[in-house]
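The numbering used here puts the first residue of the sequence shown at 4, with every later residue one more than the last.
Cβ coordinates follow ideal geometry from the N, Cα and C atoms, glycine included.
From a predicted model like this one, the values you see are computed outputs, not experimental measurements.
For reference, the structure discussed in these notes is given below.
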Amino acid sequence: MDILKLDLVSAVGSIPYVAVIFALVLLAKYGFDYWFSSEAATTSDFEIEEASNLAVGIRRTGIYLGIPIGLLGTLIGESQGLWMDIMLIAQEGVLVMLFIFIASVISDKAILPNIANTDEVLSDNTAVACVEFGLYVATGLIAYGSFIGEGGGLVSALVFFGLGQLALIFCTKVYEAVTPYEVVEMVSDGNTSAGVLLGGVITAIGLIIHSSISGPFVSWTIDIISFAAFAFLGLLLLLVMQKFADWLFLPNTTIQTETQRDNNVSAMLVTVALLNAFAIVLVVGVV
């Protein structure tokens, strides 16, 4: 009974934090809806509620998940009192929303160049939406890693978030370069399996980068070197893991066949689940 009372007290005490996160997500909804409607003669609400546009729903889901994930570093830190905690969550929540917005620009310009993301999402291109989903979640994970730990302050968090985003772009480009088929072109053509694969890989890379930038600040030189080394090693291990997933879990086919020829979303869900499971184990083993 005492344990139950403690659980109830803890649950009630978490209500203000839940309310702040909910308010931040709601603010993000209206902010991104305004930005979205400024690029198109429609609204996200109409596309979801009336047009049943799955791609818009996937995009919005990525944003809604990315924000609270990005704030986990603040939420699990040591409490400084209710009002100070709420002010800190609100401050860093605005930063995370800005980070997610930056990620949307990165998606449009760097990850999926020569693709008008909003136009494609409006056309219900779920492949593009899946890549955006992966990028928003990865951005939240990188923000989470940036804000967790002690000693560096806000400047350190901003610097390592920026480095994390650059590493995410670099690792994604390396992945695309070593993939024996044009995965971005397939995403542009609406191949949902390719979008699921690329979005899932981006999320797994985000997990690895999160791990590489988490922890207490030691020094700029040591932290940047360890960040770069672990990010590179993590990407290498992820590529090896994809080969094992191909050989062992899709024994009668290949990832290339299932994406390029068959647009097999089911096979790619299996693949990205394995890649992210591996990344989670890698993160837990390091953090």
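State the DSSP-derived secondary structure class of residue i, mapped to helix, strand or coil.
| i | result |
| --- | --- |
| Ser17 | coil |
| Ser215 | helix |
| Pro71 | helix |
| Ile258 | helix |
| Ile151 | coil |
| Glu53 | coil |
| Leu7 | Confidence at Leu7 is low in this model, with a pLDDT of 41, below 50, so its placement is unreliable and no value can be given for it. |
| Leu115 | coil |
| Asn279 | helix |
| Leu251 | helix |
| Asn120 | helix |
| Ser269 | helix |
| Ser126 | coil |
| Ser159 | helix |
| Ile24 | helix |
| Thr64 | helix |
| Ser47 | helix |
| Ile79 | coil |
| Ser40 | helix |
| Ser222 | coil |
Which same chain residues, not among the five before or five after residue i, have their C-beta less than 7 Å away from its C-beta?
| i | result |
| --- | --- |
| Thr77 | Leu91, Ile92, Glu95 and Phe150 |
| Thr206 | Gly137, Val140, Ala141 and Asn279 |
| Glu81 | none |
| Gly65 | Glu135, Phe136, Tyr139 and Val140 |
| Pro19 | Leu85 and Ile89 |
| Asn266 | Asn194, Thr195 and Ser196 |
| Val181 | Leu242 |
| Ile61 | Thr129, Ala132, Cys133 and Phe136 |
| Val21 | none |
By Cβ distance below 6 Å, which residues in the same chain neighbour residue i in space, the five residues on each side in sequence not counted?
| i | result |
| --- | --- |
| Glu123 | Val131 |
| Gln263 | Tyr184 |
| Tyr67 | Val28 |
| Asn128 | Ala58 and Gly193 |
| Ser215 | Phe230, Phe233 and Ala234 |
| Ala170 | Ile212 and Ala234 |
| Gly198 | Ala130, Cys133, Val134 and Val190 |
Is it right to say residue i is buried, meaning 16 or more other beta carbons lie within 10 angstroms of its own, or is it exposed?
| i | result |
| --- | --- |
| Lys8 | Here the model assigns Lys8 a pLDDT of 45, short of 50, so the residue's position is not dependable, and the following value carries that caveat. Exposed, by the Cβ-count rule. |
| Ala31 | buried |
| Tyr33 | exposed |
| Val59 | buried |
| Asp226 | buried |
| Tyr178 | buried |
| Phe163 | buried |
| Met189 | buried |
| Thr195 | buried |
| Ala276 | exposed |
| Ser47 | buried |
| Met271 | buried |
| Glu261 | buried |
| Ile228 | exposed |
| Ile79 | exposed |
| Asn255 | exposed |
| Phe35 | buried |
Enumerate in chain order the residues of its own chain whose CB-to-CB distance from residue i is below 8 Å, with the five nearest sequence positions on each side excluded.
| i | result |
| --- | --- |
| Thr257 | Asp249 |
| Ile118 | Asp111, Val131, Val187, Val190 and Ser191 |
| Gly70 | Per the sequence shown, the amino acid found at residue 70 is Ile instead of Gly. Within the same chain, Ile70 has close Cβ partners Ile24, Leu27, Val28, Ala31, Gly96, Val99, Met100, Ile103 and Gly143. |
| Gly148 | Gly76, Phe163, Gly167, Ile212, His213, Ser214, Ser215, Ile216 and Ser217 |
| Thr274 | Leu200, Gly203, Gln245, Ala248, Asp249, Phe252, Leu253 and Ile258 |
| Ser222 | none |
| Leu240 | Phe281 and Leu285 |
I'd like to know if residue i contacts chain C, where contact means its C-beta is closer than 8 Å to some C-beta of that chain.
| i | result |
| --- | --- |
| Glu185 | Of the chains in the structure shown, none is chain C; there is only one protein chain. |
Next item on the list: With a floor of 4 residues, list each alpha helix (DSSP H) that falls wholly inside the stretch 82-110, ordered by position along the chain.
Entry: 85-109
Checklist line | Contained alpha helix (DSSP H) runs [length at least 4] in the stretch 180-207, N- to C-terminal order | finding: 186-191
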